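Read through the structure below, which is laid out as structure tokens, and then see the notes.
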């Protein structure tokens, strides 16, 4: 049977927005992307304009891939992935990559189009981030992402709507898994096209490979902790946070940007003093939002992490600081796949009353302060330090 194209209109069987609903500027073709890069002066992209430049690079790359996905069956899959990639997000990783590049580049010798290197590399990082999100949603069984059905739910809904054979859930997970793999392939492909000098590109590709391996190792440790059960230790949870999120979200993007600009090893080390504490704080904020956030803002249910028993610092602190009675309640409730809102509210109350939430917030504040102090000591232009400070503030004060 030939599958009809998915996602033709908002509110259709797939449950995700139409590609036609993308924000202005997202759907531009490759020629328009080239025009954007040609007309912007080097080293002068503002923080507010940067996400649009990254989206344009992503849209241009995806437009180039469209020909490979002709025919209704392949086209529907491509449309689903394209919609997911361009559906929003904070674009933090591309931002850290760009400003890491800006901190290393010599504006007096940079070629007129040099900054496109960092923007395209940042877009590649965003594709890898999409791979991580898609797989993470499958592993955690999360039904929502950015306020809309997760990609595996999109495919499962299409399976049900068209009455195909087999289990819709299995089909949805399998199809989304392949789409995540595709994003990983595209990330590598786009990174290789960033236009950096060959010797710098080789160095950056080596670190990009390390980045991806670290993130996958962190995801594995996360799933292992859930399978083993219990509440783990704070140190174990921090190890997962560093590998799964902190490194590939902040440290490595900064360092990749620096390498692509020919930055020194000393600058790469200095960037790590910013990214390590900030990356931890970033993940801890994510942990807090996963339990205490507003689903209307975060786009995700506050039940997901608690139902799978995600081994977070917040949860480890709660168990360590809880009274015996509270511990028994946590053992009974956390990891229950049928956990309801009442049970979640009880867990939240324990986290607040035992001081776990306050302790986590203190760790976030400490990481933020350490990162800002490290930024102040970076050997970079003042405008780069200011941009990195703003990104640091966003990373820890965000509500989604």
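Residue numbers (the working numbering): -3 to 396. Ideal Cβ placement from N, Cα and C applies to all residues, glycine included. Quantities reported herein were computed from a predicted structural model and do not represent experimental measurements.
- With 16 or more other Cβ atoms inside 10 Å of its own Cβ, residue 300 counts as buried.
- Taking 8 Å as the upper bound for CB-CB distance, residue 187 and residue 100 are not in contact here, some 17 Å apart.
- Within the same chain, Cβ atoms closer than 6 Å to the Cβ of residue 87 are found at 47 and 50, the five residues on either side in sequence being excluded.
- Taking the Cα positions, residue 165 is about 45 Å away from residue 193.
- Residue 81 sits close to residue 54, with the two beta carbons spaced by under 8 Å.
- Residue 392 places its beta carbon less than 8 Å from that of residue 360.
- When beta bridges are read from the DSSP output, residue 232 appears opposite no residue.
- When DSSP states are grouped into helix, strand and coil, residue 144 belongs to the strand group.
- If you check the CB distance, residue 92 and residue 212 do not come in under 8 Å.
- Annotation: the continuous alpha helix (DSSP H) that includes residue 324 extends over 320 to 329.
- Between the region 165 to 176 and the region 52 to 67, the count of C-beta pairs closer than 8 Å stays below three; the two stretches do not touch.
- CA-to-CA, the gap between residue 318 and residue 264 works out to about 41 Å.
- Per DSSP, reduced to three states, the secondary structure at residue 227 is coil, with no helix or strand assignment.
- Judged by beta-carbon spacing, residue 229 lies beyond the 8 Å limit of residue 293, meaning their Cβ atoms are not closer than that value.
- For residue 75, the enclosing alpha helix (DSSP H) starts and ends at 68 to 81.
- In terms of Cβ geometry, residue 243 and residue 207 form a close pair [threshold 8 Å].
- Annotated as distal: residue 232 and residue 116, with beta-carbon spacing of 8 Å or more.
- When DSSP states are grouped into helix, strand and coil, residue 160 belongs to the coil group.
- With contacts defined as CB atoms closer than 8 Å, residue 340 and residue 308 fail to qualify as a contacting pair.
- A distance below 6 Å between beta-carbons, with the five flanking residues on each side excluded, links residue 215 to the following residues of its chain, in chain order: 240.
- Secondary structure at residue 374: coil, using DSSP grouped into helix, strand and coil.
- By the CB criterion at 8 Å, residue 237 and residue 276 fall inside the cutoff.
- If the five residues before and after residue 365 are omitted, its C-beta is found closer than 7 Å to no C-beta atom of its own chain.
- When the Cα atoms are used, residue 384 and residue 252 turn out to be separated by approximately 15 Å.
- The beta-carbon distance between residue 235 and residue 217, rounded to whole angstroms, is 7 Å. This is short enough to meet the 8 Å contact definition.
- Of the residues 304, 390, 122 and 95, the one whose Cα lies closest to the Cα of residue 84 is 122.
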